[in-house]
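Quick note on our numbering: the sequence shown kicks off at 1 and runs consecutively.
Below is one structure, written out as structure tokens; comments come after it.
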Amino acid sequence: MIDISDCSSWTEAVAPRRDDPVLFLHPPKSAGMTVLSFFRLNQSGDNFVNLSRDSGGVAANTPRYLQTRIGGGHLVYGVHHQLRRPLNYVTILRDPLQRQISHFHYVRTGKNGVMSEGCSVSSEESLVYRGAITLEEWVENSLQETNLLVKMLSGKAPNERSLAEAKANIESGRIFAGLAEDMESYLLLLCGRTGLSRPFHFDTNRTRTIEKSDSPSPAAIASFKHLNRLDYELFEFVKLRTRCLVAELPDFFEKALTDVRVIQRRIDHLANPHEHNYIDRGFDAGFLSRVCDCIGGGVESIDRCIEALRPLLGSQPPFHHGFVDDVSNGVVTGWAVNLEAPGERLLIEIRSAAEVIATGWTDLPRPDVSQAGFGNGGSGFSIKLPEGFSDDFVVGIRGAFDGLQHAGPWKLGWNCC
Numbered sequence: 001m002i003d004i005s006d007c008s009s010w011t012e013a014v015a016p017r018r019d020d021p022v023l024f025l026h027p028p029k030s031a032g033m034t035v036l037s038f039f040r041l042n043q044s045g046d047n048f049v050n051l052s053r054d055s056g057g058v059a060a061n062t063p064r065y066l067q068t069r070i071g072g073g074h075l076v077y078g079v080h081h082q083l084r085r086p087l088n089y090v091t092i093l094r095d096p097l098q099r100q101i102s103h104f105h106y107v108r109t110g111k112n113g114v115m116s117e118g119c120s121v122s123s124e125e126s127l128v129y130r131g132a133i134t135l136e137e138w139v140e141n142s143l144q145e146t147n148l149l150v151k152m153l154s155g156k157a158p159n160e161r162s163l164a165e166a167k168a169n170i171e172s173g174r175i176f177a178g179l180a181e182d183m184e185s186y187l188l189l190l191c192g193r194t195g196l197s198r199p200f201h202f203d204t205n206r207t208r209t210i211e212k213s214d215s216p217s218p219a220a221i222a223s224f225k226h227l228n229r230l231d232y233e234l235f236e237f238v239k240l241r242t243r244c245l246v247a248e249l250p251d252f253f254e255k256a257l258t259d260v261r262v263i264q265r266r267i268d269h270l271a272n273p274h275e276h277n278y279i280d281r282g283f284d285a286g287f288l289s290r291v292c293d294c295i296g297g298g299v300e301s302i303d304r305c306i307e308a309l310r311p312l313l314g315s316q317p318p319f320h321h322g323f324v325d326d327v328s329n330g331v332v333t334g335w336a337v338n339l340e341a342p343g344e345r346l347l348i349e350i351r352s353a354a355e356v357i358a359t360g361w362t363d364l365p366r367p368d369v370s371q372a373g374f375g376n377g378g379s380g381f382s383i384k385l386p387e388g389f390s391d392d393f394v395v396g397i398r399g400a401f402d403g404l405q406h407a408g409p410w411k412l413g414w415n416c417c
């Protein structure tokens with residue numbers, strides 16, 4: 001049982017007020033395709049842009065994504081660096097063990113048939129499909145991925161440090177995360193986060209029924225949970241934040257959620273052609289029309305709730321980007337920009353332990369940075385270390401949530417990170 005007794009101020013800095021493009025980080029087998037049905041119901045066409053590698057990747061799809069302003073895929077946090085602009089990150093999480101088991105059965109079906117059409121398949125998935133790997137082995141050894149959620153929400157290799165960064169991304173509002181186990185609540189909050197207005201969905205790409213193998217043994221489950229202990233800590237963190245957030249909201253949220261569930265039950269009773277189908281070929285227009293008939297012209301309690309959520313959910317910290325280029329002859333050089341205001345002067349500070357040992361401003365010309373698309377003006381810095389200083393240190397932007405790349409720790413001219 002999660003203790004939600006200390007839920008003060010959890011609604012601070014959860015969602016952006018500005019109109020940044022929505023970027024959906026989609027963990028596999030976490031109801032992400034069902035979330036895509038939510039996006040489709042809130043758009044006039046199939047305008048969700050898949051930025052995953054299988055669809056050409058981020059660079060190839062950026063023009064259309066910036067036009068439709070909603071996209072995502074099996075990506076990791078950090079796409080804003082590549083696009084050189086702030087993004088509205090959202091994601092959905094599922095219990096790691098349930099996700100792993102679901103992934104196994106999904107592959108056993110040939111990914112609901114699309115494997116026969118040439119979709120990408122890992123070597124481990126190929127062995128599962130051929131029956132050469134059992135569910136016991138798949139779970140016990142955490143095959144395919146370990147601590148995937150930490151990797152996706154930090155953008156870095158999973159360890160204690162990247163776990164802390166993933167938590168910070170969520171706590172600061174940089175990423176809005178919800179739970180697949182309570183889809184209606186998640187989508188209602190997601191409307192407040194994104195400015196969309198229809199918190200409804202229909203099941204998409206659920207694993208087809210097959211003859212299930214035996215459940216994994218307690219020993220295999222224990223092994224999986226140990227290997228994925230970072231993911232479990234992150235999952236429990238999001239579960240607590242979600243409960244705290246909902247507990248703090250006024251009564252209008254519960255009223256609206258009740259009405260959402262009434263409408264959702266009507267949708268769930270429709271004959272759904274997409275329940276076990278991958279939706280790469282788009283959605284059935286007739287079915288979408290029937291879903292929209294169930295939703296109707298809107299429900300006042302839901303509309304009022306979404307409108308009230310937007311200012312209640314707060315705002316994100318600014319997005320920054322930068323790099324420490326070199327440390328030599330006692331001088332630290334690099335560059336940094338605020339992606340929302342590239343011309344803003346930033347104060348760079350160098351810390352050793354808890355002490356600031358040197359500071360300097362981003363006021364030096366960096367034409368290479370400007371030519372790379374990071375705006376105009378002086379983004380460069382050159383900061384002299386104290387005479388004779390030889391301890392390790394890190395470089396950062398004062399007051400900024402996100403750090404610089406190649407920031408350290410540095411020691412004697414070497415990056416020790």
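All C-beta atoms in this analysis are idealised placements derived from N, C-alpha and C, irrespective of residue type, glycine included.
ask   = With burial defined as no fewer than 16 other Cβ atoms inside 10 Å of the residue's Cβ, what is the status of LYS151: buried or exposed?
value = buried
ask   = Which residues mark the beginning and the end of the alpha helix (DSSP H) in which SER102 is found?
value = 96 to 108
8 Å Cβ cutoff met for ALA132 and ILE92 = In this structure, ILE92 does not lie closer than 8 Å to ALA132 by Cβ.
inquiry  = Taking the beta carbon of ASN329 as the centre, do at least 16 other beta carbons fall within 10 Å, making it buried, or is it exposed?
reply    = exposed
task = If I'm right that LEU270 touches VAL291 with Cβ under 8 Å, what's the distance once you round it to whole angstroms?
result = 7 Å
query = Which residues in the same chain have their Cβ closer than 6 Å to the Cβ of SER352, if we skip the five residues on either side of it in sequence?
reply = Cβ within range, chain order: ASP391 and PHE393.
request  = Can you tell me which of GLY413, ASP326 and PRO317 puts its alpha carbon nearest to the alpha carbon of ASN338?
outcome  = Residue PRO317 holds the alpha-carbon nearest to the alpha-carbon of ASN338 among GLY413, ASP326 and PRO317.
Span separating the alpha-carbon of PHE235 from that of VAL369 = 37 Å
PHE433 versus LEU187 - alpha carbon distance = In the structure displayed, the chain extends from 1 to 417; residue 433 sits before or after that span and is not available.
ask   = Around the C-beta of ARG193, are 16 or more other C-beta atoms found within 10 angstroms, so that it is buried, or is it exposed?
value = In this structure ARG193 is buried. Its beta-carbon is surrounded by 16 or more other beta-carbon atoms within 10 angstroms.
Cβ-based neighbour list, ARG99, same chain, cut-off 6 Å, excluding 5 preceding and 5 following = The answer, listed in chain order, is LYS29 and SER30.
message = Judging by CA-CA distance, which residue of PRO409, ASP54, GLU344 and ASN415 is the nearest neighbour of GLY380?
response = For the residues PRO409, ASP54, GLU344 and ASN415, the minimum Cα distance to GLY380 belongs to GLU344.
ask   = Run through DSSP, which three-state label would ILE306 get?
value = Under the three-state reduction of DSSP, ILE306 is assigned to helix.
request  = Given a cut-off of 8 Å, decide if ILE383 and ILE350 are closer than it, judged by their beta-carbon atoms.
outcome  = yes
inquiry  = If I measure Cβ to Cβ from GLU140 and keep anything under 6 Å in the same chain, skipping five residues before and after, which residues do I get?
reply    = Taken in chain order, the residues that qualify are ALA220 and SER223.
ask   = Does DSSP put LYS239 in a helix, in a strand, or in coil?
value = Correct three-state label for LYS239: helix.
task = Could you tell me the distance, in whole angstroms, from the CA atom of THR134 to the CA atom of LEU245?
result = Here the alpha carbons of LEU245 and THR134 stand approximately 40 Å from one another.
ask   = Between the region 152 to 165 and the region 64 to 80, are three or more C-beta pairs nearer than 8 Å?
value = yes
task = Would you check if the distance between the CB atom of ILE302 and the CB atom of ALA256 is smaller than 8 Å?
result = yes
ask   = Taking the alpha-carbon positions, what's the GLN405 to GLU181 distance?
value = 35 Å
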